[in-house]
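The block underneath contains the structure these notes are about, expressed in structure tokens.
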Amino acid sequence: MTTHTLPASANANTISAIAALIGDPARANILSALMGGKALTATELAYCAFISPQTASGHLAKLVDGGLVTAEKQGRHRYHKLASASVAEAFESLSGLAATGSTRHRTTGPKDAAMRQARTCYDHMAGRLAVAITDALSSRQLIIVEDRSGWITDEGKSFLAGIGLDLDPKEKSSRPLCRTCLDWSERRMHLGGRLGASLLQRSIECNWVRPGKDSRTLSITPKGETEFRGLFGIPAEALGLEP
């Protein structure tokens with residue numbers, strides 16, 4: 061009996077190639093480090109991935125060739141960052157799958173609690189705080205979210221302008237204004253798109269959150285606790301406070 065094997069589609073081959081790139085532990089660690097939104101050198105990424113700089117350069121070349129990472133030379137150094145927000149969202153979703161996997165394959169550590177509370181997800185916020193902000197804006201109908209996309213209401217535009225958010229792109233952008241991203245720790249949606257990025261930028265400018273030096277964690281400042289509760293109506297528990 062003759063067995064016929066259907067050829068793999070081009071899309072399936074591409075998915076397989078991307079999965080193979082991410083599937084290497086060292087490259088996964090490199091991508092995780094770049095989820096902080098900062099451009100990093102091969103030496104810095106080698107430290108994050110627990111490998112030598114020479115090995116990191118080899119992995120980075122593959123990630124650049126695969127379209128997951130971009131590199132830009134400044135002076136004597138080459139700085140690497142994620143190629144797009146889509147790459148960050150895909151990696152965040154994979155992190156969610158990893159969090160629900162077998163305990164034998166999960167990693168935990170002292171930074172987990174802080175990462176779950178508030179962290180960067182490429183250029184926007186993630187974690188308990190980000191989900192609470194999304195819920196607050198949605199419950200007050202300042203934004204309307206359906207599936208993975210959303211839009212800002214007229215009341216929402218007034219509110220966001222009032223806290224200093226400029227959502228008009230400085231140049232033509234194909235990036236959605238309001239969309240959601242699955243949060244791997246909360247298993248719910250937080251805001252991405254230009255709105256999510258602007259919220260993070262404004263929160264840092266106003267000293268509501270403070271980025272960690274060597275990780276993706278965001279520390280909520282005393283001023284932030286006051287403003288997130290007063291402006292957004294974020295409950296105390298979402299800020300890591302006693303109710």
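In this note's numbering, the protein residues as written are 61 to 303.
Just so it is clear, CB atoms sit at the ideal spot from N, CA and C, and this is done for glycine as well.
CB of G252 within 8 Å of CB of H184, strictly: A distance below 8 Å separates the beta carbons of G252 and H184.
Is it true that the CB of I193 sits closer than 8 Å to the CB of L255? No, the Cβ-Cβ distance between L255 and I193 is not below 8 Å.
Keeping to the same chain, check which residues put their C-beta closer than 6 Å to that of G216; ignore five residues upstream and five downstream. Result list for G216: L202 and I203, in chain order.
When the Cα of I280 is compared with those of K273, G300 and L120, which residue comes out closest? The shortest C-alpha separation from I280 is found at G300.
Residues near L100 by beta carbon distance below 8 Å, same chain, minus five either side: Within the same chain, L100 has close Cβ partners A93, L94, C108, Y139, H140 and K141.
Grab the span of the alpha helix (DSSP H) containing C108 for me, first residue to last. For C108, the enclosing alpha helix (DSSP H) starts and ends at A102 to A109.
Cβ distance (whole Å) where T277 is taken to contact R179 below 8 Å: Going by Cβ atoms, the distance from T277 to R179 rounds to 5 Å, so yes, they are a contact pair.
Looking at the structure shown, is S234 part of a helix, part of a strand, or coil, going by DSSP? Coil, per DSSP.
Helix, strand or coil for L242? Go by DSSP, reduced to three states. If DSSP states are grouped into helix, strand and coil, L242 belongs with the strands.
Rounded to whole angstroms, what's the CA-CA distance from N71 to I78? Just pull it up for me. Taking the straight line from one Cα to the other gives about 11 Å.
Please return the same chain residues whose Cβ sits closer than 6 Å to the Cβ of A174, not counting the five positions on each side in sequence. In the same chain as A174, and ignoring 5 residues on each side of it, the C-beta atoms closer than 6 Å to its own belong to T277, in chain order.
Going by Cα to Cα distance, which pick from L259, R87, S258 and R208 is closest to M249? Minimum Cα distance to M249 is reached at R208.
Which residues does DSSP pair with P271 in a beta bridge? For P271, the beta-bridge partners assigned by DSSP are L278.
Alpha carbon to alpha carbon, how far is G224 from R262? Rounded to whole angstroms, the gap between the alpha carbons of G224 and R262 is 7 Å.
Work out the CA separation of G222 and E152 for me, nearest whole Å. So the alpha carbons of these two residues sit roughly 31 Å apart.
Give every residue of the same chain whose Cβ lies closer than 7 Å to the Cβ of A143, excluding the five residues on either side of it in the sequence, and list them in chain order. For A143, where only same-chain residues beyond five positions count, the Cβ hits under 7 Å are G127, L128, V129 and T130.
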